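Count along the sequence shown from 1, then add 6; that gives the number in this note's numbering. Think of the CB as a built atom: it goes at the ideal place given N, C-alpha and C, for glycine as much as any other residue. This one's a predicted model, so the numbers in the text were calculated from it and none came from an experiment.
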Amino acid sequence: MKRTKITPAPPWAPFAEHVIARLRLRHALILDSACGNPGEWESSFAEDTNGPAPVEDWETVGNSTGENSSCRSPASDRVAPNRGATGEGDKKMGPSDEPDEDPADIAIPTNELLIALQLAAAFGNETEFREQLAQGAITVLHGLHTDDIKFLTSVIEDAMLPPGWALERVVRGSPHQTLLFAESGVGAALLPERLALRAPLFIAHIASRDLPNAYLRPPCKQVTFLPPDADVLMFLLRASRGDMEAIDEEAIRATLPSPEAMAKFSREQWLIALRAPTAHAVAERFAGFTENRAGKSFSGRVLPDLEAMAKRTPVHAEAWRMVRDLAAWKAGEVDWSELTRSLLLHGAPGTGKTWIAQAMGKSAGVALVQTSFAEWQAEGHLGHMLAAMRKSFAEARAAAPCVMFIDEIDAVGSREDRDPRNRNYRDQVINAFLEEVDALSREPGVLLVGACNYPTRIDPAILRPGRFDVSLEVPLPDRHFLEAMLRDALAGTLTDADFAELSRVAIGHTPASLDAAIRAAKSEARHSGRMLDAPMLRTFLGHGEETSGDLKRIAMHEAGHAVVADLLRPGSVRRVQVSPLHGFIERAPAPVSMLLADIEDQVVALLAGRAAEHVLLGTVSNGSGGGDRSDLALATELCMAIEHRYGMGSDGLLWSPEDVLTVGSPRALRSHVRKRLDTAWQRACDLVRENTLAVERVGNALIGERELCGETLHELTTEASEPDGSERKRAQPVVE
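Structure representation (structure tokens):
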């Protein structure tokens, strides 16, 4: 018969048994109609107006269940340490229960039990705790969160203080011996009032709130409230799930993740795990949290392989470099101050910004702390919103090393916004966010990743290096990325040829929409009782009803953009792709310093798509207009900037605020902008006419391949140029 290996009890175990026994009796007394009268357990503690009973008097009550235990009550024979607490606190009691309810049958809520065990581990033994109740003593408890305070104060008052003592948050006259209690950041101005009394003082140092340095040095006692670990879990399981021999401790410890991983689990994850029906199932839940953290995202979606994608896009290359630097820091090979510690990802919705952050956590094998401004703002009141923000940053610091991802950062706004509405709210949010980001940058171990759609709406102070070191646009994924996603999600079900064709059809999808299409196809296969195959998946990858006319127009439109942009600034086009619904061009960033001619070339390239439709198809569609990121909108913005922001316009050295350059702009300004747009339009049409063969060649290639890289585009454009100036021949269209 295999013998279960039992790890020796931790040194704080006797104190923990003592505290739990008192908690059980306290809960039993609450159920009793005589609640408030001292029971036999509390009567065993001597009441002393000069302080708690000496520890040797506490020990005279008896000996604990363990050979080395040092505290026990007369009631402890019926308060067994292995009974009474459950994962849900699911023992229901009410008026019909017997008034002399056996404390051994009392269920202690798990969150209260966890706090009790952490307190016992923090102080170690009752002697150490007793010393902190001496007159004039000040004890600072570190590593706490706001949500811990309710149960912390309850456990201290009900199960740790001697009889006759009270825990007071407010200084007032009391007939009892008093332990004063305070939190950092809450009523901090009242701390001097508490110091004026000689009563012992406990200060809970909330991780996200500052505490004056005077409290962080001797003679103040510093006590660290450590995250619960495997020892705490085993003690809790023995206390809540039957006799110790019924629990295979060796198997449970073997199933649990590493101590480093255990220390990073949130309170919510502990409570979720402890709801499992068996002790071993609890351990499996903890192991599952780690697998999610180091493998797939918590949503279960397939994540991109950063190492494989690093060679394809600047965004993935930067993310992979940060992950490798984090690994070097963890190995002690580089100092934290030498790393790029923050990254802002911006781009259209659904392009995979969240996925990149999740993939960084997966590739680094660290936790992902994910939040958003929308999540914080959902709290409503400014104070609640800021509290939620601080809590998220505190969770990231506690989880280090980790990746902290904040979505929708552009919701923070800018103090340069001239709109007076909600200015006070906006300024306080920005200031609080800056404070938290700065505090995060001073502590090693957290990579900060932000995401937004409109970086220009963010306060400039947030965007500066040191807060966000690097800012990169996330484009639509290319065909290789899409194929990798398909292979990861459908490994072993399709052929290489299927994946190649499906990735072509998937061009134009964002990572989010492709993930949704894959899930929908799998659902259809389950409900129809058929195997998932390429034709079924292609149905869900379609962008709606496809027509050759729409695809050709979109392809020629994007070809016009690409060819003209490559002519005006060779090598600036990195990638161009089309789908039956829209097209996309990825360009190299514009130079920081530009001449007037450079800006005018940008306007021409923006209008070249519309020009290609006009020249090659005879009509134009609405594809150039629409939203504030459309071709026409961007071209108009550049022309207005030339006139009234860059000092290059018809009115000379003139600058106007952005809100002047909107509807209702002066007629003269509109006239100047219109002339610039007309001139650029004529240039774009001329360039398309002069390079008709190149535009058609690129357009037909896009119809067939759906995507072209910059090198292929340049080759097609060059091949279409006739060095002898002979008449160009039109390329035959590709029929799909």
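query: Helix, strand or coil at R273 [DSSP, three-state]; result: helix
query: Own chain residues within Cβ distance below 6 Å of C458, not counting five before or after; result: H352, I415, D416
query: Where the beta strand (DSSP E) through V146 begins and ends; result: 144-150
query: Local conformation of F231 per DSSP, three classes; result: coil
query: Option nearest T230 by Cα separation, candidates P20, Q124, L659, T499; result: Q124
query: Whole-Å CB distance - L349 paired with F474, under 8 Å assumed; result: 7 Å
query: Three CB pairs or more closer than 8 Å across the region 358-374 and the region 464-478; result: no
query: Inter-residue CB distance, S519 and G356 (contact presumed, cutoff 8 Å); result: 6 Å
query: Option in S246, F157, T462, A540 with minimal Cα separation from L496; result: A540
query: Neighbour-count burial assignment, R204, 16 or more Cβ in a 10 Å radius; result: exposed
query: Buried or exposed (CB count within 10 angstroms, at least 16 for buried), I36; result: exposed
query: Beta-carbon gap between I615 and S636 smaller than 8 Å; result: Looking at the sequence shown, residue 615 is not Ile but Gly. No, the pair does not count as a contact, with Cβ atoms beyond the cut-off.
query: Nearest-angstrom Cα separation, counted from E441 out to P218; result: 17 Å
query: Reduced DSSP secondary structure (H/G/I, E/B, other) of S745; result: With the chain covering only 7 through 742, there is no way to say anything about residue 745.
query: Segment limits, beta strand (DSSP E) that includes I253; result: Neither: I253 is in no beta strand (DSSP E) and is coded neither H nor E.
query: Segment contact, 8 Å Cβ cut-off, at least three pairs: the region 601-614 with the region 565-585; result: yes
query: Proximity to L29 [Cα-Cα], best of P168, A503, L644, L312; result: P168
query: D423 - DSSP class collapsed to helix/strand/coil; result: coil
query: Delimiting residues of the alpha helix (DSSP H) encompassing T685; result: 673-696
query: Where D521 sits in the DSSP three-state scheme; result: helix
query: For F295 and T6, the rounded distance between their alpha carbons; result: Given that the chain is displayed from residue 7 to residue 742, the structure contains no residue 6 and the question cannot be resolved.
query: Per DSSP, the bridge partner or partners of F187; result: F208
query: Burial state of W661 (16 or more Cβ within 10 Å); result: exposed
query: Simplified DSSP state of A337, which is helix, strand or coil; result: coil
query: Residues near C645 by beta carbon distance below 7 Å, same chain, minus five either side; result: V609, V679, R682, L683
query: Opposing strand residues paired with S378 [DSSP bridges]; result: D413
query: Where H620 sits in the DSSP three-state scheme; result: helix
query: Any beta strand (DSSP E) of 3 or more consecutive residues that is wholly inside the region 531-618; result: 579-584, 589-593
query: Integer Cβ distance of V694 from A617, believed to fall under 8 Å; result: 5 Å
query: 6 Å CB neighbourhood of H567 in its chain, flanking five on each side removed; result: I591, A614, G615
query: Straight-line gap, P597 to I155 (C-alpha atoms, nearest Å); result: 54 Å
query: Unbroken alpha helix (DSSP H) run spanning W171, endpoints; result: First-last for W171: 171-174, but that is the beta strand (DSSP E), not the alpha helix (DSSP H).
query: Euclidean distance between Cα positions of A91 and E344; result: Per-residue confidence for A91 stands at a pLDDT of 38, beneath the threshold of 50, marking its modelled position as unreliable; no derived number is given.
query: Short Cβ contact (8 Å threshold) for V569 with N697; result: yes
query: Heavy atom of the ligand ZN within 7 Å of L613 beta-carbon; result: Inclusion of the ligand ZN in the displayed structure is not the case, the ligand content being empty and no account of it being possible.
query: Test item: CB-CB of P483 and G451 under 8 Å; result: no
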